[in-house]
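These notes are about the structure you will find just below.
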Amino acid sequence: MTTRSTGLLVVIALALILASSSLYVVQETERAVKLRFGRLIEGEITPGLHVKIPLADKIRKFDARVLTLDAEPASFFTVEKKRLIVDAYSKWRIADVDTYYKSTGGNEAVAHDRLASRVNDGLRNQFGERTLHEVVSGERDMLMENIKDYLNTTVRQSLGVEVVDVRVKRIDLPSEVSEQVYRRMTAEREKEARELRSKGAEEAEKIRADADRQRTILLANAYREAEESRGEGDAVATATYAEAYSKDPEFYAFQRSLKAYREAFSNKGDVLLVDPDSDFFRYLDRQQGK
C-alpha cells in the first residue's frame, strides 16, 4: 500500500469520525436540547437529523411519551376532619423542554419528586373541601378533574410538564379506626340479617298456617264427599238387596239362617242353649222349610 493510499484512508476515517460526532438524530418519542459548553443554546429541537459542533455541543434527550408517577400513599383530612389514607397516581409528559431542563436539570427523578409534592398538595386541598361520601363515591370524577386543572396551572410554568390525568387507586381508613368501622359495619349487617330472618320466619308461619288451613278444608271436603258417596252407595245397595230379597222372601230367610248357623257353630268351644221349637232350627228339622 502506497503512502498516498494510506493518507487517503486516514482522511476518510477522520471524515467519518467527524461526521459521526457532528450529526445526531432526535426520535419522534424524544425531546432534546442543545448545550454548548454547558450552556443551553437551543431548545425544542424537532425530530430528525441535526448537526452539532463536535466537542463543544452536547445533546440532552428526554422521553416525550406519557409517563406514570406512582407516589406513596399519603394521609389527608376531609371537611369532616376524618383522616383517610389515599393511594393515587398521575400521568404526565414534558410540555416545555426548556423549562423542564432548567427546573429539573433533565433528571426524571427530580421531576417525579417535585410533581409528587404538588399532587399531594392538590389532593389535600380537594379532599379538605369534601365529605367522606363525596370523595369515596359521590364526586370522584369531578375531584380528579379539579386536581388535574389545579396542577396544570402551576407545573406547566414551574416544571415544564403537563399533567394528563390523576386517578385514585385506593382510599383506606387509618388502622386505628378501621377496626371500629368494621365492627360497626358488622353490627349493622347482623342487625339487617336478623330483621330479614324475622321477616322470613313471619312469612313462613303465614304460609304454614295457610297451608294447614287449606289442608283441613281439603280433608273436610274430601270426607264429606266420601260420606256422601258412601251413603249413596249404601242406599243403592240397600235398594238392590231389598229388590232382590222381595222377589223370594223365603230364600232370603234361608240365607239369613245359614249365616246365623255359620256364625253360631264357628267356635266349637261355645255352648248354645236354644229351644228346639224356635225359629233358629227352622231349616234343620224341616226339609221343606215351611
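So the number in this note's numbering is just where the residue sits in the sequence shown, counting from 1, plus 205. Glycine is no exception: its CB is placed at the ideal position from the N, C-alpha and C atoms. Predicted model only: the values in this text are computed from it and were never measured.
The C-alpha of leucine 463 lies about 51 Å from the C-alpha of arginine 418. In the three-state reduction of the DSSP assignment, isoleucine 422 falls in the helix class, which pools H, G and I. By the Cβ rule, the segment 267-284 counts as touching the segment 321-330, because three or more pairs are nearer than 8 Å. Just measuring C-alpha positions, the residue of Thr309, Gly243, Glu410, Glu448 sitting nearest glutamine 362 is Thr309. Between the C-alpha atoms of aspartate 415 and serine 403 there is a straight-line separation of about 18 Å.
With respect to the 8 Å criterion, lysine 287 and leucine 337 are classified as neighbours on the basis of their beta carbons. Within the model, the alpha-carbon separation for aspartate 318 versus valine 302 is close to 18 Å. With a beta-carbon spacing of about 7 Å, arginine 298 and arginine 270 fall inside the 8 Å limit used to define contacts.
A Cβ-Cβ contact shorter than 8 Å links alanine 321 with leucine 274. Here DSSP, grouped into helix, strand and coil, assigns phenylalanine 267 to strand. In the DSSP annotation of this structure, the continuous segment of the alpha helix (DSSP H) that includes leucine 328 starts and ends at 313-332.
Between the alpha carbons of tyrosine 457 and tyrosine 450 lies a gap of roughly 6 Å.
Rounded to the nearest angstrom, the gap between the Cα atoms of arginine 420 and glutamate 410 is 15 Å. One Cα belongs to glutamate 277, the other to isoleucine 290, and the distance between them is close to 10 Å. For the pair alanine 316 and valine 366, the CB atoms are nearer than the 8 Å cut-off. Residue burial annotation: alanine 392 is exposed, with fewer than 16 other C-beta atoms found within 10 angstroms of its C-beta. Straight through space, the alpha carbons of aspartate 439 and tyrosine 428 are spaced by roughly 16 Å.
The beta-bridge partner set that DSSP reports for threonine 273 consists of Lys296. When secondary structure is reduced to three states using DSSP, isoleucine 376 falls in the strand class.
Residue state for glycine 365 is assigned as coil, using DSSP reduced to three classes. Rounded to whole angstroms, the separation of the alpha carbons of proline 454 and arginine 467 is 20 Å.
In this structure, the beta-carbon distance from lysine 296 to aspartate 370 falls below 8 Å. Between asparagine 312 and the set Arg345, Arg413, Asp268, the nearest pair of CA atoms involves Asp268. Secondary structure at alanine 392: helix, using DSSP grouped into helix, strand and coil. Annotation: valine 302 is outside any beta strand (DSSP E); the continuous alpha helix (DSSP H) that includes it extends over 302-309.
Across the set Val340, Arg413, Leu364, Thr358, the C-alpha of Val340 shows the shortest separation from the C-alpha of lysine 374. Remark: C-beta atoms of isoleucine 250 and valine 231 approach each other more closely than 8 Å. Cα atoms of serine 380 and glutamate 397: separation of roughly 26 Å, rounded to the nearest angstrom.
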